[in-house]
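Residue numbers (the working numbering), protein chains in the order written: chain A, 1165 to 1280; chain B, 141 to 251. No residue lacks a Cβ here, since even glycine has one placed at the ideal position from N, Cα and C. Note that the coordinates shown come from a computational prediction; the quantities given were computed from them, not determined experimentally. Report on one structure; see the data block that follows.
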């Protein structure tokens, strides 16, 4: 069964450094998402992406964050200058075209980002 | 409460018992979905119920939706140790482009 893959599984970075989290969504999916989860807590929406542009973003997704689909297969999340509070598990997800509502999301296994 | 709040936060049962968890939300929705998360892993979709549906079944899962009360419940029947996980409801708001997840219910099924 096709799956969403995320790399790396664990990233450690120093405060102020830039990080890029990478995701390969399922190939025929059209909608892409990033979520984050601080250890054991709520799954928080960051951004949704469709047709090469952001569909919606949350208050968390400030100017330090950006997303890109550079080559038709990868979907990346960049954090320009990481803060300690960015430490979390970051999940990428994708879904098929939506009809009357969002189709089920397929999640990757996440990238654990640790900012020191 | 926030959109998509689960109740209880944690649940401990014996294998073979049923597990019931509830979800409340605030806005009009297109659909409501339930997901499962094993520790340290990604979320896995379990079941989707549309706003015009009242009940849906999938294997040992039964989901109900009451749009007048803005609430949903997930029932897992005849639980197994392998059902130990966190369960999240997620709402697809009528005017949005995202799923909003609740805080989850941690279910422990003791053998």
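- Around residue 149 of chain B, no beta-carbon contact reaches into chain A at under 9 angstroms, the shortest distance being about 11 angstroms.
- For residue 1271 of chain A, the residues of chain B that pass the 9 angstroms Cβ criterion are 175, 177, 181, 182, 183, 184 and 185, in the order they occur in the chain.
- Within its own chain, the residues whose Cβ lies closer than 7 angstroms to the Cβ of residue 1172 of chain A, once the five positions on either side in sequence are excluded, are 1275, listed in chain order.
- Burial is judged here by how many other beta carbons sit within 10 angstroms of a residue's own beta carbon; residue 233 of chain B has at least 16 and is buried.
- Closest by C-alpha distance to residue 242 of chain B, out of B:192, B:209, B:226 and B:235, is B:226.
- Listed as beta-bridge partners of residue 1193 of chain A by DSSP are no residues whatsoever.
- The stretch 1167–1214 of chain A contains, as complete beta strand (DSSP E) runs of 3+ residues, the segments 1169–1171, 1174–1177, 1183–1188, 1195–1201 and 1207–1214 (chain order).
- With a threshold of 16 other beta carbon atoms within 10 Å, residue 176 of chain B meets it and is buried.
- A distance below 8 angstroms separates the beta carbons of residue 205 of chain B and residue 189 of chain B.
- Here residue 171 of chain B has 188, 189, 190, 191 and 232 as same chain residues with Cβ atoms under 7 angstroms from its own Cβ, once five neighbours each way along the sequence are excluded.
- For residue 240 of chain B, the nearest beta carbon of chain A is closer than 8 angstroms to its own beta carbon.
- Assignment of residue 232 of chain B by DSSP, reduced to helix, strand and coil, places it in the strand class.
- For residue 1206 of chain A, the chain B residues whose C-beta falls within less than 8 angstroms of its own C-beta are 241, 242, 243 and 244, listed in chain order.
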